[in-house]
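Using this note's numbering, the letters of the sequence shown correspond one by one to residues 765 to 923.
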Amino acid sequence: MGYSYNAEFRAKLINFIKEGHTQKQACVAFGVHITTVGRWYAKDTKRPAKSYPHRKPREHRKIDPVVLKEHMKANPNARLIDIARYFDCSEGSVSRTVKQCGIKRKNQNKKIDPIKLKAYVAKYPNKTNGEIGKRFGCTDSAVGFACKRFGIPRNRKRK
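Here you go:
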């Protein structure tokens, strides 16, 4: 843990620097670390301490939760990257905001009509689950599970 210096000691050190000595000389003469000397001098001269250029100040949030909810209702099949482009931010920001707002991205109760699915698969046997999912408004894995559950054969060869 560091030492606590009184105001009189700090004033002597700052005056020493103002007399024309360097901060390094003040560091050696007073037995204080160079970082501490620089911080005290910056505070005394009212100039900001060294800021790191790689750290950006935190900007206001770009994603308004209300607008996000409306956008996701209007575009239920939008991917994170599409939403991020819409809001001009990163995918992580979208993911974090969706999670914080408690928005469910996938419709878990999406019911696929087995008769329509069976007819569509019979008509287009070479379509992928993803293509079928777009047609029925669900994910490719939901199509795969529905085919298994309803006993719809998927006799297609993988590329």
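Note that beta-carbon positions come from the ideal geometry of N, C-alpha and C, so glycine has one too.
Between Glu772 and the set Gly784, Asp808, Ile867, His785, the nearest pair of CA atoms involves Asp808.
Taking C-alpha positions only, Gly866 is separated from Asn770 by approximately 51 Å. When the Cα atoms are used, Cys853 and Lys826 turn out to be separated by approximately 7 Å. The C-beta distance from Val862 to Phe851 rounds to 11 Å, too long to meet the 8 Å contact threshold. For the pair Ile916 and Phe900, the CB atoms are not nearer than the 8 Å cut-off. Secondary structure at Thr861: helix, using DSSP grouped into helix, strand and coil. Each of Pro878, Arg849, Ile896, Val796 was checked against the Cα of Ser768, and the nearest Cα belongs to Val796. When the alpha-carbon of Arg918 is set against those of Pro889, Glu895, Thr903, Gly894, the nearest one is in Pro889. With a threshold of 16 other beta carbon atoms within 10 Å, Gly897 meets it and is buried. Counting along the chain, the unbroken alpha helix (DSSP H) around Arg913 starts and ends at 904-914. Annotation for Pro829: the continuous alpha helix (DSSP H) segment containing it runs 829-838.
Ala883 has its alpha-carbon roughly 32 Å from the corresponding atom of Leu844.
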